[in-house]
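Basically the working numbering = 1-based index in the sequence shown + 539.
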Amino acid sequence: MRRFAAVALLVAGNAFAAAPGATLDVPTPYLPSTQVAVDEMLRLAGAGPDDLVVDLGSGDGRVVIAAARDFGARGLGIELDPKLVAESEANARQAGVAERVAFRQGDVLVADYRAATVVTLYLLPNLVDKLKPRLLAELKPGTRIVAHDYGFPDWKPDRSVVVSKTFHLYVVPAPVAGRWRLHAALPDGERE
540 MRRFAAVALL
550 VAGNAFAAAP
560 GATLDVPTPY
570 LPSTQVAVDE
580 MLRLAGAGPD
590 DLVVDLGSGD
600 GRVVIAAARD
610 FGARGLGIEL
620 DPKLVAESEA
630 NARQAGVAER
640 VAFRQGDVLV
650 ADYRAATVVT
660 LYLLPNLVDK
670 LKPRLLAELK
680 PGTRIVAHDY
690 GFPDWKPDRS
700 VVVSKTFHLY
710 VVPAPVAGRW
720 RLHAALPDGE
730 RE
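This is the structure we're talking about:
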């Protein structure tokens, strides 16, 4: 049986490799975060009553619900699977936070979450890499991003914490592009 599975996987892999530009159109698997992970992500972000916490790939809504229930924040979940969106809405009603949270069915690569002050994500590395340019371009400076396990390989986190899993905190920097001129101090303390 193992040989059959291995051969089937090899054949399928070769079929995708043979088609230039072909992508595997399979949804990202949903792996719910533990309550410990949810709490740590929100603590690391410093979530509070003034925040809009947006969870990308929100699954059953547990991060958004905990942000509202335990940290007093407002929340928005973006989830591709409409069944999980419906489950999230039911979970929010059951938790008594439905008036402070919302869930939208949509693709995290195109959804609008520019109003976020905190973004949480537990997504596979290829999706995290695709999101980075958009997060940097559209989120306000100071917005906190917490990545569960898979961070941005070329962006040094402001802080990382390991609590059975690894969590990375990134703070969106202010744009500093453009032409800069530094003024050196002169020997008598004046500036040029």
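Where is the CB? At the ideal position from N, CA and C, for every residue including glycine.
Unbroken alpha helix (DSSP H) run spanning A606, endpoints: In the sequence shown, counting from the first residue as 1, residue 606 sits at position 67. It spans 601-610 - the alpha helix (DSSP H) in which A606 sits, taken as one unbroken run.
Indicate whether the contact test is met: 3 or more Cβ pairs, each with one atom in the region 599-609 and one in the region 639-659, closer than 8 Å. Of all C-beta pairs linking the region 599-609 to the region 639-659, three or more are shorter than 8 Å, placing the two stretches in contact.
Span of the beta strand (DSSP E) around A641: Stepping through the sequence shown from its first residue, residue 641 is reached at position 102. Per DSSP, A641 belongs to the beta strand (DSSP E) from 640-644.
Classification of L623 by the beta-carbon crowding that lies within 10 angstroms, buried from 16 upward: Working through the sequence shown from its first residue, we reach residue 623 at position 84. Taking a 10 Å sphere around the C-beta of L623, we find 16 or more other C-beta atoms and assign the residue as buried.
With distances taken between CB atoms, is the gap from G645 to I617 smaller than 8 Å? Translated into positions along the sequence shown, residue 645 becomes position 106. Translated into positions along the sequence shown, residue 617 becomes position 78. Taking 8 Å as the Cβ cut-off, G645 and I617 qualify as a contacting pair.
C-alpha distance - G681 paired with A629, whole-angstrom precision: In the sequence shown, the residue the question calls residue 681 occupies position 142. In the sequence shown, the residue the question calls residue 629 occupies position 90. Cα-Cα distance, rounded: 32 Å.
Separation of L648 from L563, as counted between CA atoms: Here the question's residue 563 lines up with position 24 in the sequence shown. Here the question's residue 648 lines up with position 109 in the sequence shown. Caution applies to L563, whose pLDDT of 35 falls short of 50 and renders its modelled position unreliable; the value that the coordinates give is listed next. If you draw a straight line from the Cα of L563 to the Cα of L648, it comes to about 17 Å.
Close Cβ partners of L615 (< 6 Å) along its chain, the five nearest in sequence each way excluded: Here residue 615 refers to the residue found at position 76 when the sequence shown is read from its first residue. Hits under 6 Å: V593, A641.
Just verifying my parser: in three-state terms, what is the DSSP assignment at V624? Here residue 624 refers to the residue found at position 85 when the sequence shown is read from its first residue. Helix, per DSSP.
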